[in-house]
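Here is the structure we will look at.
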Amino acid sequence: MMYPFMTLDDHAEIVHSEMLENGKVKVYIEKPDEKDCFHYATCYLPQYEWENIYGFSEDEINKYLDVIKSTAHLILEFSQKGGLENASGF
1 MMYPFMTLDD
11 HAEIVHSEML
21 ENGKVKVYIE
31 KPDEKDCFHY
41 ATCYLPQYEW
51 ENIYGFSEDE
61 INKYLDVIKS
71 TAHLILEFSQ
81 KGGLENASGF
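Residue numbers for the sequence shown follow my numbering, so the first one is 1 and each next one is one higher.
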């Protein structure tokens, strides 16, 4: 299951998985694009391992990495509590 986490000012959506059996959390970024429909990338926490990067520049990936690093503690916590909505009680 993937849980919504954040929408950035460039319209990129960040979602994350529940904590996987191997202790990792999948973080998926998707951004609409007029030409390609969507750009996307996957990052696995806590190692920040990237894969399946499509359409994003190196600068964009670095920007998203900064966002993920600054919120990784929340993503890891929410991944064990059923996402932000369940963790916050909304």
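Built from N, CA and C at the ideal position, the CB exists for glycine as well.
- Here C37 is exposed. Its C-beta has fewer than 16 other C-beta atoms within 10 Å.
- Residue pairing from DSSP places A41 in a beta bridge opposite I29.
- Across the structure, V15 and H73 are spaced so that their CA atoms are roughly 14 Å apart.
- K31 is a Cβ neighbour of A12, given a cutoff of 8 Å.
- In the three-state reduction of the DSSP assignment, S17 falls in the strand class.
- Taking a contact as a CB-CB distance under 8 Å, the pair Y40 and K26 does not count as one, their CB atoms being some 12 Å apart.
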